[in-house]
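To start, the structure itself, in structure tokens.
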Amino acid sequence: MASERSALFIFFGGTGDLAYRKLYPSLFNLYQKGTLREKFAVVGTARDKLTDEKFREKVQKSIGSDSKEAEKFISHFYYEAHDVTDKAHYSVLKERAVELDKKYKLQGNQIFYLSMAPNFFGTVAGYLRSEGLVNDKGFSRLVIEKPFGRDYDSAKALNEALAQSFDEEQIFRIDHYLGKEMIQNIEALRFGNTIIESLWNNRYIDNIQVTLSEKLGVEERASYYDKSGALRDMVQNHIMQIVSLLAMEQPVAFTDSDIRAEKVKALRSLRVYNVAEAATNFVRGQYDAGGKINPYREEDNVPADSNTETFVAGKLMFDNYRWSGTPFYIRTGKVLADKFTRVDVVFKKPLVDIFSFPGSSTSKPLDTNVLTLYIEPKAGFALKINAKNNDQGFQTAPVTMEYFVDPEDSKKTPEPYERLLHDALKGDGTNFSSWQEVSYAWKFVDQIRKVWDLQQPNFPNYTPGSMGPAAADELIERDHRQWVYRLNK
Ligand code: NAD
Numbered sequence: 001m002a003s004e005r006s007a008l009f010i011f012f013g014g015t016g017d018l019a020y021r022k023l024y025p026s027l028f029n030l031y032q033k034g035t036l037r038e039k040f041a042v043v044g045t046a047r048d049k050l051t052d053e054k055f056r057e058k059v060q061k062s063i064g065s066d067s068k069e070a071e072k073f074i075s076h077f078y079y080e081a082h083d084v085t086d087k088a089h090y091s092v093l094k095e096r097a098v099e100l101d102k103k104y105k106l107q108g109n110q111i112f113y114l115s116m117a118p119n120f121f122g123t124v125a126g127y128l129r130s131e132g133l134v135n136d137k138g139f140s141r142l143v144i145e146k147p148f149g150r151d152y153d154s155a156k157a158l159n160e161a162l163a164q165s166f167d168e169e170q171i172f173r174i175d176h177y178l179g180k181e182m183i184q185n186i187e188a189l190r191f192g193n194t195i196i197e198s199l200w201n202n203r204y205i206d207n208i209q210v211t212l213s214e215k216l217g218v219e220e221r222a223s224y225y226d227k228s229g230a231l232r233d234m235v236q237n238h239i240m241q242i243v244s245l246l247a248m249e250q251p252v253a254f255t256d257s258d259i260r261a262e263k264v265k266a267l268r269s270l271r272v273y274n275v276a277e278a279a280t281n282f283v284r285g286q287y288d289a290g291g292k293i294n295p296y297r298e299e300d301n302v303p304a305d306s307n308t309e310t311f312v313a314g315k316l317m318f319d320n321y322r323w324s325g326t327p328f329y330i331r332t333g334k335v336l337a338d339k340f341t342r343v344d345v346v347f348k349k350p351l352v353d354i355f356s357f358p359g360s361s362t363s364k365p366l367d368t369n370v371l372t373l374y375i376e377p378k379a380g381f382a383l384k385i386n387a388k389n390n391d392q393g394f395q396t397a398p399v400t401m402e403y404f405v406d407p408e409d410s411k412k413t414p415e416p417y418e419r420l421l422h423d424a425l426k427g428d429g430t431n432f433s434s435w436q437e438v439s440y441a442w443k444f445v446d447q448i449r450k451v452w453d454l455q456q457p458n459f460p461n462y463t464p465g466s467m468g469p470a471a472a473d474e475l476i477e478r479d480h481r482q483w484v485y486r487l488n489k
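Going by UniProt numbering, the first residue of the sequence shown is number 1, and it counts up by one from there.
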């Protein structure tokens, strides 16, 4: 059993999709594992008028269990109808908080989880402080959902608003990719293995490719997505986080502040493109019709002349000693060939290939070594190396060494939200984005957006089921390279 933690959770947006689909089931997992036991309470709050009983029924449905244990778990749930813009309501919330703190012996520990539209984040944080919900008795932490701003300026304004009420170490900015098992494994692989980390630089690595491929279209998120696009929705947060974990130096120790310091340092050496560079190093796409899929512009809630990108590919360069000259290629998009996230680390070939040296008895050139990190849906890694094949004579052929997490074990792997809620309870910020990381990521992404906003794209430009527009292949092929994951043409 895990060690028990105590806290009051207040979920703003407590009747929303995310709360029911991810947050309450994750809390139930923590309950079943013993992290939460007796000393916790949950207040769901939103505009809907619900009684505690009605709310509990909905929570029970969301966790999909009516066991005795589930019943005990949901008896810790309470509901407050509340409009977050109404200052007066915070005193009601405070009363509830004080009463529940006493009832469940919560020692003043509180987690305020803002699972609602980001334009409310500043307002809620301000009232939590001004109306006295934040106290010094235990910990008071603010967990906030994405997106964190829509460009550097808006993110900065939001951060300044939050900073008036909460210190940076009290703010936990969710990036659920950081809760994924194999993303966390990047650090184990790199810093736990001399054979990997000693090669992890521009002398041995030719390029690194990060692909976040989605099979679905925009579905019911269209009205949100159309104002965001793939660059803001996926690149600024998830991809930049993955890239900084791949690029960073070894932290002094495995602590949140040491890891963040290294990620920030890596992001500081990421080359921020000027207009011309941004135009050459990034490409965008929008999907057309294909099979049963409508063109993006004909999806519900998408304007017929939308120029929102549903695909991005780009090349990132770090100007530092470790990475100078080694590009990181990234891509992400909707309605692509398959749903997966992976990182391909492409090593350089031996400087001299003796096997294809004139006069050698073999004829085939050596293949490239590739280390692939499979993030999802399968979790594991594979290393492609050259060996002699079994035939008579001497010929090299690539073989692959693989490790995959057993699907049975995978089922036991905590869901990202469970892990992140657990980390927030422990006060461990390792797997959340710090303000500095967020700000460097926005500064980089803003340059690309700036160019794109000036130019009319040639949309639609890719077919569902493909790996994006032809320009994404051209981007890497012009450097005499290829995507490791590609469809047979
Ligand atoms: P949602 O629209 O389903 O829920 C919003 C919640 O906010 C509801 O409970 C609603 O009653 C409440 N609300 C709205 N206005 C209010 C007001 N003035 N006062 C009090 N309550 C109010 O949204 P969601 O999908 O659950 O998303 C919540 C947050 O999580 C957003 O920031 C979103 O970007 C983020 N997010 C969601 C998902 C997801 O899968 N749904 C994934 C990643 C991030």
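Virtual Cβ for every residue (Gly too), placed ideally from N, Cα, C.
Query: Pairwise C-alpha distance: Q482 and L178; Result: 27 Å
Query: Closer than 7 Å: A230 CB and nearest the ligand NAD heavy atom; Result: no
Query: As assigned by DSSP and simplified to three states, the class of F191; Result: helix
Query: E131 vs S91 beta-carbon contact at 8 Å; Result: yes
Query: Own chain, CB closer than 8 Å to G16, minus 5 neighbours either side, in chain order; Result: A46, S115, M116
Query: Residue closest to V134, alpha-carbon to alpha-carbon, out of D167, T413, F148; Result: D167
Query: N-terminal and C-terminal residue of the beta strand (DSSP E) that S140 is part of; Result: 140-144
Query: P303 beta carbon less than 8 Å from that of P460; Result: no
Query: CB of G217 within 8 Å of CB of T308, strictly; Result: no
Query: Reduced DSSP secondary structure (H/G/I, E/B, other) of R322; Result: coil
Query: Closest residue to D473 among K39, T463, P464, R486 (Cα-Cα distance); Result: R486
Query: Backbone CA spacing between T35 and A2 [nearest angstrom]; Result: 5 Å
Query: Exposed unless 16 or more other CB atoms sit within 10 angstroms - verdict on H480; Result: exposed
Query: Pick from E95, R150, R37 that is closest to E71, judged by C-alpha positions; Result: R37
Query: Proximity to S466 [Cα-Cα], best of R331, P414, P398, L371; Result: R331
Query: Closest residue to G393 among P407, K364, E408 (Cα-Cα distance); Result: K364
Query: beta-carbon R47 near the ligand SAH non-hydrogen atom, thresh 7 Å; Result: Judged by which ligands are present, the ligand SAH is missing from the structure shown, whose ligands are the ligand NAD.
Query: Bridge partners - D344, DSSP secondary structure assignment; Result: Q209, T372
Query: CB contact check: D167 to chain B, cutoff 8 Å; Result: This model lacks chain B altogether; it includes just one protein chain.
Query: Burial state of Y127 (16 or more Cβ within 10 Å); Result: buried
Query: Stretch-stretch touch, CB-based, cutoff 8 Å, three pairs: the stretch 428-447 with the stretch 396-405; Result: no
Query: Proximity of T341 and I375 at Cβ, strictly below 8 Å; Result: yes
Query: I385, enclosing beta strand (DSSP E) - first and last residue; Result: 380-388
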